[in-house]
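Per the UniProt record's numbering, the very first residue in the sequence shown carries number 1; after that it's consecutive. Even glycine gets a Cβ: it sits at the ideal position worked out from N, Cα and C.
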Amino acid sequence: EDKRRGRVSCYAWGEDYHALLGSKLRSLAVWLHDQGGGQGQWHVDTGAVLERDLAARSGLGFIGKNTMLINDRIGSGVFLGEILTTLPIPPLAAPRKAR
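And the structure:
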């Protein structure tokens with residue numbers, strides 16, 4: 001093992017998640033617009049939105065000691081992005097309480 005080489009997290013081995021997730025969010029935002037005419041913006045670590053805190057408040061997980069969102073089922077290996085839309089979308093369920 002070459003001690004001069006650094007360790008790189010597995011999420012950085014593939015395609016840039018900003019581009020990958022951004023492409024999916026852009027497609028979904030266009031679809032939402034086509035469904036109801038609402039306006040929307042999508043962000044992946046680029047807007048003034050605190051994704052991690054909103055995800056925790058919505059019940060997707062909790063903020064761990066590692067300062068990352070931890071989902072009960074899949075752990076901390078999640079990427080967060082959001083679509084801000086003018087469409088009135090009702091919640092599917094009440095958010096779970098944070099830990």
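>> The alpha helix (DSSP H) that contains L32, what's its start and end?
In response: 17-36
>> Taking its Cβ as the centre, do 16 or more other Cβ atoms sit within 10 Å of W13, making it buried, or is it exposed?
In response: exposed
>> To the nearest angstrom, how far is the alpha carbon of F62 from that of G38?
In response: If you draw a straight line from the Cα of F62 to the Cα of G38, it comes to about 31 Å.
>> Just verifying my parser: in three-state terms, what is the DSSP assignment at L54?
In response: helix
> Taking C-alpha atoms, which residue in G36, D2, R5 lies nearest to T85?
Replying inline: G36
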